[in-house]
Amino acid sequence: QIFINNEWYDSVSGKKFPVFNPATEEVICHVEEGDKADVDKAVKAARQAFQIGSPWRTMDASERGRLLFKLADLVERDRLLLTTMESMNSGRLFTQSYTIDFEIIIKGLKYCAAWADKIHGQTIPSDGDIFTYTKREPIGVCGQIIPAGFPPGVVNVVPGYGPTAGAAISSHMDIDKVSFTGSTEVGKLITEAAGKSNLKRVTLELGGKSPCIVFADADLDNAVEFAHQGVFYHQGQICVAASRLFVEESIYDEFVKRSVERAKKYVLGNPLNLGINQGPQIDKEQHDKILQLIESGKKEGAKLELGGGRWGNKGYFVQPTVFSNVTDDMRIAKEEIFGPVQQIMKFKSIDDVIKRANNTSYGLAAGVFTKDLDKAITLSSALQAGIVWVNCYLALSVQCPFGGFKMSGNGREM
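For the sequence shown, position 58 (counting from the first letter as 1) is numbered 58 according to full-length UniProt numbering, and the numbering increases by one without interruption.
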């Protein structure tokens, strides 16, 4: 159901949409389909909760922090149930979701809770007999996806589709900010809608085609493992996927050999089962898109080292796939695949690889593997990416900002 003003409602239209288990292709449940009318109700409730004198506005900052700590405790209490639901709904590996995703959620809530009463302004020396100070004020009503469990109207959840519920949020005159995680194409539409309505603030965490650069002096086993995790983690469905792998020419053949052997060890199956390394893609549309891009790689001349097709006869599974002899002009080297497909390319010099790594409309993340500190510092500065990992990949922390440049979005998230 739809959650508004601390109560559960059916959608105004009465419509529902099915939720599928991507591992079995079976319908798990039906969810109320919110649209503009439901968004209007949610925004009205949020606006009322934001008014001067409301319980939320008058609540002590330390009490807000206590509520966030309580929410973290509730997530911890129901961690097993929430993890199971997530695996059934998205195909996320149960073990990874339980130990990684929900650990980050709990840590993030506690981190924010501790900041609740530590957001200060400052005094500013001014000319003349004038006292000047700054005070941090809340933005207002924000359209985003967050957990529930606060005073009435503070949190409202409207499940729905992008063209209806999402569009209503983006263009709503009474919403002060929109936070969106998703494709670059949709991010453009949200920015346009925000500009045409009330110039609301927009934070966008969008797509990527992140380069991962391995020099000949790198620890090869370490580089192979991190590069592997960087692109195969969560079936490749991560925005920071190391989807353009540049390997120095002198170690290229050995790197490809080790990468193929590593990918061969993957065990596919139901994400709820222990011992599984790869689950299904999120839905049939994404599954089919990945297979189409794999076919384009074959046709354009890349060498298929492993995989390249569907796995099993039920569920949206794609075989772990490794391409070598990939060139920069191929579709698989330019387009975000969002799947378990590794593309390995050669490079000869540091200047060459910097130019090629930056030759993309995206700028979210990058990885550098080398024992040479000068190279590491040079690449960290030269690469046009919001995040640059050195001798590791996917090292994330709730204390650090997260975001990219160019068409990978704007603003920073946790």
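The beta carbon of each residue, even a glycine, is placed where N, CA and C say it ideally should be.
It should be emphasised that the depicted structure is a prediction, and the values quoted were computed from it without experimental measurement.
The stretch 202-216 makes contact with the stretch 403-413; the number of CB pairs closer than 8 Å reaches 3 or more.
With respect to the 8 Å criterion, residue 344 and residue 245 are classified as neighbours on the basis of their beta carbons. Considering only 128, 42, 118, 226, the residue with the shortest C-alpha distance to residue 8 is 42. Listed in chain order, the non-local C-beta contacts of residue 135 below 7 Å within the same chain comprise 121, local neighbours out to five positions each way being set aside.
Between residue 320 and residue 232, the C-beta gap is smaller than 8 Å, which places the two residues in contact.
Within the same chain, 346, 348 come within 6 Å of residue 249 by CB-CB distance, once the 5 residues on both sides are set aside. According to the DSSP assignment, residue 231 belongs to the alpha helix (DSSP H) that extends over 220-232. For residue 403, there is no enclosing alpha helix (DSSP H), since its DSSP letter is neither H nor E. Closest option to residue 142, judged by alpha-carbon separation, among 131, 162, 63, 157: 157. Going by C-alpha positions, residue 304 is about 24 Å away from residue 393.
In the DSSP assignment, residue 363 forms a beta bridge with 405. Around the Cβ of residue 209, a 10 Å sphere holds 16 or more other Cβ atoms; the residue is buried. Its chain contains 193, 197 as the residues whose beta carbon lies nearer than 6 Å to that of residue 171, once the 5 sequence neighbours on both sides are disregarded; these appear in chain order. Per DSSP, reduced to three states, the secondary structure at residue 30 is strand. Only buried fits residue 68, as 16 or more other CB atoms lie within 10 angstroms of its CB. When DSSP states are grouped into helix, strand and coil, residue 245 belongs to the strand group.
The three-state reading of DSSP puts residue 191 in helix, counting H, G and I together.
For residue 354, the closest C-alpha among the options 329, 385, 324 is that of 385. In terms of Cβ geometry, residue 281 and residue 229 do not form a close pair [threshold 8 Å].
Leaving aside the five residues that flank residue 361 on each side, the residues in its chain whose CB is nearer than 7 Å to its CB run, in chain order, 406, 407. By DSSP's assignment, residue 98 forms no beta bridge with any residue.
Straight-line measurement puts the Cα of residue 133 at about 53 Å from the Cα of residue 331.
Straight through space, the alpha carbons of residue 363 and residue 184 are spaced by roughly 12 Å. Runs of the alpha helix (DSSP H) lying entirely within the stretch 310-376 and spanning at least 4 residues, in chain order: 331-334, 350-358.
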